[in-house]
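Numbering (this note's numbering), first residue to last: 31 to 277.
Cβ atoms here follow ideal geometry from the backbone N, Cα and C, with glycine treated the same way.
All of these numbers come straight from a predicted model, not from anything done at the bench.
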Ligand SMILES: NC(=O)c1ccc[n+]([C@@H]2O[C@H](COP(=O)([O-])OP(=O)(O)OC[C@H]3O[C@@H](n4cnc5c(N)ncnc54)[C@H](O)[C@@H]3O)[C@@H](O)[C@H]2O)c1
């Protein structure tokens, strides 16, 4: 039997990341579920019970040593790392920009942007010797659409998109693809909490299709970007948003 391909999913214990884990497990990937939320352990155990390959690793993506250990755990357990879907992220503080404290600004950027840098850095380094791999950064439609009370979050996600384009150039000749996905409003704990915390969002047209996404609808796009169907796609920021950015 051919050895399973290996992928890391950060933020894999909840929401979009959990849906990515479920989709990859159904395709037989060996998965490292990495999250600071220990509920990922039960998800990994359920995959193993069903005959698949999965491990849970506790990580804080904003800490460099923690991310390095996450990647080492993946390569230690499953060998060559073929893919990564980086979902770990948090919402902003839901305030207009002139009321945001620097600590609030730093908190979002520490996880959403600095954390994404560590993930890309160590995942790409692990893929480099094999001249093969696909890395996905889960950004947001907020990277390109103006949203009220969200400048901290929008800024962190726009930074992710720029970093992805630069990293894609660094990796193109090495046959390692780096792409961003820009989800629109998706039914997860993060979105539910932030729409409660940010009544200003209701003023913006964010749901042209009249509904939010199911996390599986974002995961299927991420899994396509990992697949051999996407071998000529790199450096893109792909909205998966029900029309949110064009509305
Ligand atoms: N839900 C939406 O509407 C939506 C829209 C656009 C983009 N996104 C992005 O999608 C990604 C996934 O979000 P979600 O909606 O599934 O939210 P979620 O809260 O369900 O999942 C996020 C996961 O990231 C983990 N996490 C947070 N900080 C971490 C850290 N420092 N280290 C390790 N793990 C950490 C959490 O524990 C959680 O399990 C996020 O980057 C978010 O910004 C979500």
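Check, Outcome
"Backbone CA spacing between residue 280 and residue 233 [nearest angstrom]", "No answer is possible for residue 280: the residues shown for the chain start at 31 and end at 277."
"Close-in-space but distant-in-sequence residues of the same chain around residue 206 (CB under 8 Å, 5 per side omitted)", "154, 157, 158, 161, 162, 163, 164 and 165"
"DSSP bridge partner residues for residue 63 (one or two, in chain order)", "39 and 86"
"Backbone CA spacing between residue 37 and residue 250 [nearest angstrom]", "15 Å"
"In DSSP terms, what residue 231 is bridged to", "Answer is none; residue 231 lacks a bridge partner."
"Beta carbon of residue 50 nearer than 8 Å to that of residue 115", "yes"
"8 Å contact criterion, which residue 170 and residue 213 should meet: CB distance rounded", "6 Å"
"Opposing strand residues paired with residue 116 [DSSP bridges]", "40 and 167"
"Host beta strand (DSSP E) of residue 208 (start-end)", "206-213"
"Rounded distance between the beta-carbons of residue 272 and residue 239, thought under 8 Å", "4 Å"
"Pair within 8 Å by beta-carbon distance, residue 72 and residue 87", "no"
"Among 53, 47 and 186, nearest to residue 257 - alpha-carbon criterion", "53"
"Residue 33 classed as buried or exposed, judged by whether at least 16 other C-beta atoms fall within 10 angstroms", "exposed"
"Contact under 8 Å by Cβ, residue 46 with residue 117", "yes"
"Residue range of the beta strand (DSSP E) that includes residue 268", "267-270"
"Cutoff 8 Å; reference residue 255; Cβ partners in own chain excluding five residues on either side", "164, 166, 207, 209, 211, 263 and 268"
"Residue 130 beta carbon less than 8 Å from that of residue 91", "no"
"Limits of the unbroken alpha helix (DSSP H) element including residue 111", "First-last for residue 111: undefined, no H or E at that position."
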